[in-house]
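In the numbering used here, the protein residues as written are 2 to 597.
Laid out in structure tokens, this is it:
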């Protein structure tokens with residue numbers, strides 16, 4: 002059964018396989034070096050701090066007795082030096098530990114998103130993914146310093162309490178009575194701050210997603226003069242963000258002022274008890290001084306509102322990362338292809354998106370080596386069919402087979418070596434033009450064989466002349482190779498050809514080419530790649546006319562298959578697919594610009 006997709010921001014189900022806390026623990030465990038150094042330095046500083054009042058007490062009592070407390074002064078100086086050195090190490094180790102965990106979390110998230118492929122973007126918009134990768138990861142990575150600080154403060158408080166009990170048990174009783182309400186305040190603050198931090202970060206993610214969406218349509222926004230309207234749309238969650246931020250601030254401020262009132266009362270209670278002990282002869286002046294210091298150390302935990310807020314933000318960031326990492330990647334197959342021929346089959350394939358059916362029971366058999374044109378109106382399911390052929394998504398029902406083996410059963414490397422893709426708006430990873438074309442090859446286009454394949458693919462895609470005009474030809478940095486939409490498409494097509502795959506999936510990959518260039522490229526596809534199965538999504542009648550087989554999709558179903566000429570002569574509805582005036586996607590004259 003296919004796992005149910007979960008939308009961004011939805012509540013996590015109880016008992017998830019990977020919780021945010023488990024994620025944090027794993028990330029810290031895999032980057033132990035600086036975290037261990039931080040913990041050691043912080044604990045050393047805390048231990049020195051706990052020993053200082055005792056050393057100071059001995060020095061004071063010795064001085065009051067008229068002796069020179071050389072030993073106590075030496076111990077005091079050594080403890081101060083040790084604490085200073087430990088603080089210096091902690092100051093260096095804290096940022097380094099956060100950086101190491103940040104790198105680990107970002108690496109894990111990036112690898113998982115790329116492995117999950119388009120399904121991740123369907124669940125979490127690109128802008129929100131960026132927000133999680135940049136913001137949530139860095140917040141989550143602050144957990145090591147925050148937890149070490151909070152844990153050390155707790156140990157310091159416990160040590161202060163034990164020291165008070167050793168000096169005089171009434172001091173410990175006075176301390177405990179005063180800190181009971183402070184513990185209640187801290188518990189309430191910790192319980193609410195994680196959820197408030199999570200809510201705040203989710204609203205930030207929504208704004209980031211809306212902004213990324215707006216930037217993709219920046220030219221349209223500019224052309225339509227709708228910047229003010231688009232700004233309002235992007236910032237629509239700002240009110241909720243402000244409410245969440247105010248609630249978070251109020252929670253922190255409320256804890257701070259309550260503790261600010263309670264902790265001085267604790268100090269007064271302990272000092273009053275200690276003063277009574279001095280008056281009764283139970284305590285010395287040095288012990289009273291130590292009691293005052295240990296009271297301050299005992300309240301260390303209650304001065305950790307900032308550290309606890311850091312823990313809350315880290316846990317919230319980790320939960321947002323876990324929401325993405327919980328998205329299941331496509332299940333990996335284990336089978337190899339037996340000398341691939343390129344037979345592609347769709348057996349009762351159904352794909353649903355939200356509340357509509359994109360493809361409904363599609364049954365097709367595409368012969369090896371055939372050029373298959375997929376036509377239909379906008380929204381008919383053409384790109385979805387192409388995505389299924391390359392296993393960029395899995396069907397909700399039915400199966401897709403290559404040479405008799407379900408795509409889901411194939412090893413990932415076997416599938417990717419057998420199926421190559423080109424898109425209408427191709428991404429072009431790679432530092433140079435050659436690297437961009439050879440990106441899908443195991444050798445990356447390097448070496449004599451890789452370079453030859455890159456040049457041959459560039460010729461087949463009709464982009465060789467463009468590359469020859471560049472200053473460094475194939476070695477030209479991609480950033481220094483200005484290109485039109487059609488040239489970018491041909492580079493993407495060349496990349497698919499260079500993979501030397503048995504099946505080529507071309508999803509509207511010629512849509513930006515002019516008629517003459519498109520005809521030349523089509524000739525190369527028809528004649529030069531005749532040994533490959535080619536699935537070509539197109540809106541051009543001339544392209545469909547050159548295909549061995551036309552698949553006509555209408556509202557997610559196969560309405561007809563056959564040669565273009567046969568369908569054209571027998572069905573007016575088929576001819577209307579190529580008539581711009583009858584196209585559902587045509588914009589009526591005088592229609593207003595879209596929102597973005």
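By construction, the Cβ of each residue, glycine as well, lies at the ideal position given by its N, Cα and C atoms. Values in this document were obtained by computation on a predicted structure and should not be read as measured data.
Please state the DSSP three-state secondary structure of residue i.
i: residue 378; result: coil
i: residue 285; result: coil
i: residue 176; result: helix
i: residue 279; result: helix
i: residue 265; result: helix
i: residue 485; result: coil
i: residue 576; result: helix
i: residue 337; result: coil
i: residue 571; result: helix
i: residue 411; result: strand
i: residue 392; result: coil
i: residue 10; result: Per-residue confidence for residue 10 stands at a pLDDT of 39, beneath the threshold of 50, marking its modelled position as unreliable; the derived number appears in the next sentence. Correct three-state label for residue 10: coil.
i: residue 444; result: coil
i: residue 637; result: Because the chain in this structure spans residues 2 to 597, residue 637 falls outside the shown range and cannot be described.
i: residue 598; result: Outside the shown range of the chain (2 to 597) lies residue 598, about which nothing can therefore be said.
i: residue 214; result: helix
i: residue 500; result: coil
i: residue 157; result: helix
i: residue 473; result: coil
Over what stretch of residues does the beta strand (DSSP E) that includes residue i continue unbroken?
i: residue 109; result: Unbroken run through residue 109 is the alpha helix (DSSP H), 71-117; no beta strand (DSSP E).
i: residue 467; result: Residue 467 -> not in any beta strand (DSSP E); alpha helix (DSSP H) instead, spanning 465-469.
i: residue 403; result: 398-403
i: residue 357; result: 357-367
i: residue 351; result: 345-354
Run through the DSSP bridge pairs and tell me what residue i is partnered with.
i: residue 423; result: 507
i: residue 493; result: Answer by DSSP bridge pairing: none, since residue 493 is not bridged.
i: residue 231; result: In the DSSP output, where bridge partners are listed per residue, residue 231 has none listed.
i: residue 553; result: 376, 561
i: residue 478; result: 433
i: residue 535; result: 372, 505
i: residue 406; result: 403
So, is residue i buried or exposed, given that buried needs 16 or more other C-beta atoms within 10 angstroms?
i: residue 522; result: buried
i: residue 299; result: buried
i: residue 438; result: buried
i: residue 223; result: exposed
i: residue 588; result: Confidence at residue 588 is low in this model, with a pLDDT of 36, below 50, so the placement of that residue should be treated as unreliable; the coordinate-derived value is given next. That one is exposed.
i: residue 147; result: buried
i: residue 481; result: exposed
i: residue 577; result: exposed
i: residue 111; result: exposed
i: residue 35; result: buried
i: residue 1; result: Shown here, the chain extends from 2 to 597; a query on residue 1 therefore has no answer.
i: residue 580; result: exposed
i: residue 448; result: exposed
i: residue 458; result: buried
Residue i lies in the alpha helix (DSSP H); which residues open and close that run?
i: residue 523; result: 516-524
i: residue 665; result: With the chain covering only 2 through 597, there is no way to say anything about residue 665.
i: residue 142; result: 138-142
i: residue 48; result: 33-65
i: residue 169; result: Taken as a continuous stretch (DSSP letters only), residue 169 belongs to no alpha helix (DSSP H), as it is neither H nor E.
i: residue 455; result: 448-461
i: residue 29; result: 21-30
i: residue 132; result: 127-132
With a cut-off of 8 Å, does the C-beta of residue i fall near any C-beta of chain B?
i: residue 502; result: No chain B appears in the structure shown, which is made up of a single protein chain.
Is any heavy atom of the ligand SAM found at a distance shorter than 7 Å from the C-beta of residue i?
i: residue 47; result: The ligand SAM is absent from the structure shown, which contains no ligands of any kind.
### Query
On the three-pair Cβ rule with 8 Å, is the region 135-153 touching the region 230-250?
Judged by Cβ distances under 8 Å, the region 135-153 makes no contact with the region 230-250, as fewer than three pairs qualify.
### Query
Just checking, does the region 378-395 make contact with the region 451-460 on the three C-beta pairs under 8 Å criterion?
With a cut-off of 8 Å, the region 451-460 and the region 378-395 do not count as touching, because too few Cβ pairs lie within range.
### Query
Looking at C-beta atoms only, is the number of pairs between the region 378-388 and the region 550-557 that lie closer than 8 Å three or more?
Yes, since at least three Cβ pairs between the region 378-388 and the region 550-557 fall closer than 8 Å, the two stretches touch.
### Query
Given 8 Å as the limit, is there contact between the region 161-172 and the region 287-303, that is, 3 or more CB pairs closer than that?
Enough Cβ pairs lie closer than 8 Å, so yes.
### Query
If we count Cβ pairs, one from each stretch, closer than 8 Å, do we get three or more for the region 246-253 versus the region 185-203?
The answer is yes - the region 185-203 touches the region 246-253, with three or more Cβ pairs under 8 Å.
### Task
Check whether the region 409-424 touches the region 487-502, counting contact only when three or more Cβ pairs, one atom from each stretch, lie closer than 8 Å.
As far as the Cβ criterion goes, the region 409-424 touches the region 487-502, which means the pair count is three or higher.
### Query
Looking at C-beta atoms only, is the number of pairs between the region 349-357 and the region 317-335 that lie closer than 8 Å three or more?
The region 349-357 makes no contact with the region 317-335: fewer than 3 CB pairs, one atom from each, lie closer than 8 Å.
### Query
Given 8 Å as the limit, is there contact between the region 48-56 and the region 19-37, that is, 3 or more CB pairs closer than that?
A contact is defined here as three or more CB-CB pairs under 8 Å, and the region 48-56 fails this definition with respect to the region 19-37.
### Query
Is the number of C-beta pairs between the region 273-284 and the region 205-218 that are closer than 8 Å three or more?
No: the two stretches stay apart, fewer than three of their Cβ pairs being nearer than 8 Å.
### Message
For the region 83-103 against the region 40-48, do three or more pairs of beta-carbon atoms, one drawn from each stretch, fall closer than 8 Å, so that the two count as touching?
### Response
Enough Cβ pairs lie closer than 8 Å, so yes.
### Query
Does the region 465-477 come close enough to the region 513-527 to have 3 or more Cβ pairs within less than 8 Å?
When Cβ pairs closer than 8 Å are counted between the two stretches, the region 465-477 is seen not to touch the region 513-527, the count staying below three.
### Task
Say whether the region 60-75 touches the region 169-189, bearing in mind that this needs 3 or more beta-carbon pairs closer than 8 Å, one atom from each stretch.
No: fewer than three Cβ pairs fall under 8 Å.
#### Entry: contact_flag[the region 193-205, the region 240-247] where n(CB pairs < 8 Å) is 3 or more
In short, these stretches touch, since the Cβ pair count reaches three.
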